[in-house]
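Novice: In the UniProt record's numbering, the protein residues as written are 1 to 525. Ideal Cβ positions, reconstructed from N, Cα and C, are used throughout, including at glycine. Only a predicted model underlies this, so the values are computations on that prediction, with no experimental measurement involved.
#1: My guess is that residue 380 and residue 269 are in contact by the Cβ rule of under 8 Å, so how many angstroms apart are they, rounded?
#2: CB-CB under 6 Å to residue 246, same chain, minus the five flanking residues each way: which ones, in chain order?
#3: When burial is assigned at 16 or more other CB atoms within 10 Å of the CB, is residue 221 buried or exposed?
#4: Have a look at residue 262 and residue 387 and give me their C-alpha separation to the nearest angstrom.
#5: Is there contact between the region 458–465 and the region 424–440, where contact requires at least three CB pairs shorter than 8 Å?
#6: What's the C-alpha gap between residue 514 and residue 425?
#7: Where does residue 322 land, buried or exposed, given buried means 16+ other C-beta within 10 angstroms?
#8: How many angstroms separate the CA atom of residue 370 from the CA atom of residue 378?
#9: What is the residue span of the beta strand (DSSP E) that residue 280 lies within?
#10: If the criterion is Cβ atoms closer than 8 Å, does the pair residue 111 and residue 219 meet it?
#11: Indicate whether the contact test is met: 3 or more Cβ pairs, each with one atom in the region 157–177 and one in the region 65–83, closer than 8 Å.
#12: Can you have a look at residue 365 and say buried or exposed, based on whether 16 or more other CB atoms are within 10 angstroms of its CB?
#13: What does DSSP give as the partner residue(s) for residue 295 in the beta ladder?
#14: Please classify residue 138 as buried or exposed, where buried requires at least 16 other C-beta atoms within 10 Å of its C-beta.
#15: With 16 as the cutoff for other CB atoms within 10 Å, does residue 442 come out buried or exposed?
#16: Tell me the rounded alpha-carbon separation between residue 45 and residue 68.
#17: Please classify residue 452: does DSSP put it in a helix, a strand, or coil?
#18: Beta-carbon separation of residue 473 and residue 403 under 8 Å?
#19: Within 10 Å of its beta-carbon, does residue 206 have 16 or more other beta-carbons around it, so buried, or fewer, so exposed?
#20: Applying the 10 Å Cβ sphere with the 16-neighbour rule, what's the burial state of residue 349?
#21: Between which residues of its own chain and residue 414 is the CB-CB distance below 8 Å, once the five residues before and five after are set aside?
#22: Where does residue 106 land, buried or exposed, given buried means 16+ other C-beta within 10 angstroms?
#23: Would you identify the three-state DSSP class for residue 408, choosing helix, strand or coil?
#24: Taking only the alpha-carbon atoms, compute the straight-line gap between residue 101 and residue 117 and give it to the nearest angstrom.
#25: If you follow the alpha helix (DSSP H) that residue 501 is part of, which residue opens it and which one closes it?
#26: Starting from the C-beta of residue 185, find all residues in its chain whose C-beta is less than 8 Å away, skip the five residues before and the five after it, and write them out in chain order.
#27: Suppose you measure from the CA of residue 51 to the CA of residue 7; what does that come to, to the nearest Å?
#28: Look up residue 234 in the DSSP assignment and give the residues it is bridged to.
#29: Hey, quick one: how far does the beta strand (DSSP E) through residue 63 stretch, first residue to last?
#30: Would you check if the distance between the CB atom of residue 189 and the CB atom of residue 159 is smaller than 8 Å?
#31: Could you please give the first and the last residue of the uninterrupted beta strand (DSSP E) stretch that includes residue 163?
#32: In the DSSP assignment, what are the bridge partners of residue 419?
#33: Only counting the same chain, and skipping five residues up and downstream in sequence, which positions put a Cβ closer than 7 Å to that of residue 114?
#34: Considering only C-alpha positions, which residue in the set 485, 75, 416, 484 is nearest to residue 264?
#35: Answer with buried or exposed for residue 165, where buried requires no fewer than 16 other C-beta atoms within 10 angstroms of its C-beta.
#36: If we count Cβ pairs, one from each stretch, closer than 8 Å, do we get three or more for the region 193–205 versus the region 119–131?
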């Protein structure tokens, strides 16, 4: 039968609080996939979706167009999605002219495991919950809905915000006639009440709610078991895997623009970007496994040899050399001081002398003042990746190229043509020491009491072996391994402010402890 699907996506998502600061609720990540994709993927590719959008509307439009270029979406811009006069019913009624046929209504925070049947007759989705009081409920008898109860009622089963509407004319009549009786505020359940006399079938679903923080966490935990990726959440960025595509999102338009620009110079070392918008770009998923899944010495040796063809050195004239050193100085020294200050502000700490794993450490700014920034800023300009760690290295199934590099940095201190090879070395080393897997699985401990700090974390023996080989490779190639270690410590200190507690605490003190040890070694203490 011919029908459409309405996915209501205009609201603010207030129950998720700060989690919708940068994206619409429809794009909240669940196992590195936008919540709305779990709905869309339930339907055949010839089904048309009508999607009303308001809050962060462009992010929804861009994501769905990039993720599903072959699907048909009709977006309806909602002028009033907050404040007086707004409401789910108002949003739905703005779509009325696009829904003059049977249709399925769903909220954008509803995920179900079962197949969703077409609206060959009226039906409503229901589920058993521990606490029905926060949801509208459905009371049924002999497989017929006899009452749709308001929130707070404990009768029946929870209505999950998913319904098939066969009698669409009667539904619209009820919504329009009921404006003064609450249809604007109440939403689709107001119109559904008018269909009880026509017959509504209650259908049980295994339901996951992504509309409030507590239920979202449970939903994420359930679906996380089906993925291998160890991608750390960031407030201002996201990576989504949708069907055969990967979508990168950032609130920073320059970030995306520079990423897309740099993709041209990185060529076949990275996936080919299919399309992009101001805040997103998309590429076809490359078949393979991330290096972190099974890091071995033999593969790591092969990878470093392969990277020799990537790290092409850039010859600079005297003026360019002076400029590049200035870029390195800003990127290393100035950014590090700024990020450490940001860390103290974010986590309400003060700089102090401390004992880290029983080792006495001065204040962090005293340590940073001892760093030879001039020496560190003597960078070696090459074609660079910028975020080179095992989660961003794919071992390809296709034998044409052994590896694909993912999630490259957008620029190096503003320079997009080249960067410092030691920054790539430091990034690679930081990921060998502190893998995303141990963070994702919470296989670390860190505590701070007064001026005593203790931390430890699990490491695979294979990664310890890789670290030792990397040291040998660096030295055999004529590079400075002490500089690599220093860069690694600086990277930990830089990224600590960007992550959530307690991982932030671990990163900061790992970096501080490492920096302290390096400087003591240089002093001969």
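Specialist: Answer, in terms of the structure:
#1: Reading the chain shown from its first residue, position 380 is the one you call residue 380. Reading the chain shown from its first residue, position 269 is the one you call residue 269. By a beta-carbon distance limit of 8 Å, residue 380 does not contact residue 269. Their separation comes to about 19 Å.
#2: Indexing the chain shown from 1 puts residue 246 at position 246. The answer, listed in chain order, is 283, 285.
#3: As a first step, residue 221 is located in the chain shown; it is residue number 221 there, counting from the start. Flag for residue 221 reads exposed.
#4: Position 262 of the chain shown, counted from the start, is the residue given in the question as residue 262. Position 387 of the chain shown, counted from the start, is the residue given in the question as residue 387. Going from the Cα of residue 262 to the Cα of residue 387 covers about 13 Å.
#5: Under the Cβ criterion (8 Å, minimum of three pairs), the region 458–465 counts as touching the region 424–440.
#6: Stepping through the chain shown from its first residue, residue 514 is reached at position 514. Stepping through the chain shown from its first residue, residue 425 is reached at position 425. Taking the straight line from one Cα to the other gives about 16 Å.
#7: Mapped onto the chain shown, residue 322 falls at position 322. Residue 322 is classed as exposed because its beta carbon has fewer than 16 other beta carbons within 10 Å across all chains shown.
#8: By one-based count along the chain shown, residue 370 stands at place 370. By one-based count along the chain shown, residue 378 stands at place 378. If I take the Cα positions, the gap works out to 17 Å.
#9: Position 280 of the chain shown, counting from 1, holds the residue named residue 280. Note, residue 280: beta strand (DSSP E), 280–284.
#10: Locating residue 111 in the chain shown gives position 111, counting from the first residue. Locating residue 219 in the chain shown gives position 219, counting from the first residue. Their beta carbons are under 8 Å apart, which means residue 111 touches residue 219 by this criterion.
#11: Here the region 157–177 makes no contact with the region 65–83; the two share fewer than three CB pairs at distances below 8 Å.
#12: Counting from one through the chain shown, the residue named residue 365 turns up at place 365. Counting of Cβ neighbours within 10 angstroms places residue 365 among the exposed residues, the total staying below 16.
#13: Indexing the chain shown from 1 puts residue 295 at position 295. Paired residues: none, contrary to the question.
#14: Taking the first residue of the chain shown as 1, we reach residue 138 at position 138. A residue is called buried once 16 or more other Cβ atoms fall within 10 Å of its Cβ, and residue 138 is buried on that count.
#15: On the chain shown, position 442 is the one that residue 442 refers to. Within a 10 Å sphere around the beta-carbon of residue 442 sit fewer than 16 other beta-carbons, which makes this residue exposed.
#16: Position 45 of the chain shown, counting from 1, holds the residue named residue 45. Position 68 of the chain shown, counting from 1, holds the residue named residue 68. One C-alpha to the other measures close to 9 Å.
#17: Taking the first residue of the chain shown as 1, we reach residue 452 at position 452. Strand.
#18: Position 473 of the chain shown, counting from 1, holds the residue named residue 473. Position 403 of the chain shown, counting from 1, holds the residue named residue 403. In terms of Cβ geometry, residue 473 and residue 403 do not form a close pair [threshold 8 Å].
#19: Against the chain shown, residue 206 aligns to sequence position 206. Around the C-beta of residue 206, fewer than 16 other C-beta atoms lie within 10 Å, and the residue is accordingly described as exposed.
#20: The residue given as residue 349 occupies position 349 in the chain shown. Around the Cβ of residue 349, a 10 Å sphere holds fewer than 16 other Cβ atoms; the residue is exposed.
#21: Residue 414 sits at position 414 when you count from the first residue of the chain shown. Taken in chain order, the residues that qualify are 327.
#22: For this step, residue 106 is matched to residue 106 along the chain shown. So residue 106 ends up on the buried side.
#23: Reading the chain shown from its first residue, position 408 is the one you call residue 408. Residue state, collapsed to three classes: coil.
#24: Here residue 101 refers to the residue found at position 101 when the chain shown is read from its first residue. Here residue 117 refers to the residue found at position 117 when the chain shown is read from its first residue. Answer to the nearest angstrom: the Cα atoms are 16 Å apart.
#25: Taking the first residue of the chain shown as position 1, residue 501 is located at position 501. In the DSSP annotation of this structure, residue 501 is not part of any alpha helix (DSSP H), being labelled neither H nor E.
#26: Residue mapping note: residue 185 aligns to position 185 of the chain shown, counting from 1. The residues are 87, 88, 89.
#27: In the chain shown, counting from the first residue as 1, residue 51 sits at position 51. In the chain shown, counting from the first residue as 1, residue 7 sits at position 7. Distance between the alpha carbons of residue 51 and residue 7: 5 Å.
#28: Position 234 of the chain shown holds residue 234. Note: residue 234 sits in a beta bridge opposite 237.
#29: As a first step, residue 63 must be located in the chain shown, where it is residue number 63. DSSP places residue 63 in no beta strand (DSSP E) but in the uninterrupted alpha helix (DSSP H) bounded by 57–67.
#30: Here residue 189 refers to the residue found at position 189 when the chain shown is read from its first residue. Here residue 159 refers to the residue found at position 159 when the chain shown is read from its first residue. In contact: residue 189 and residue 159 (Cβ atoms closer than 8 Å).
#31: Here residue 163 corresponds to residue number 163 of the chain shown, with the count starting at 1. Start and end: 157–165.
#32: Here residue 419 is taken as the residue at index 419 of the chain shown, counted from 1. Partner(s): 382.
#33: In the chain shown, counting from the first residue as 1, residue 114 sits at position 114. Excluding residues within five positions, the ones whose Cβ falls inside 7 Å are 205, 206.
#34: Sequence index remark: in the chain shown, residue 264 carries index 264 (1-based). Residue 416 is the option with its Cα nearest to residue 264.
#35: The sequence position of residue 165 within the chain shown is 165, counting from 1. Flag for residue 165 reads buried.
#36: Touching, yes.
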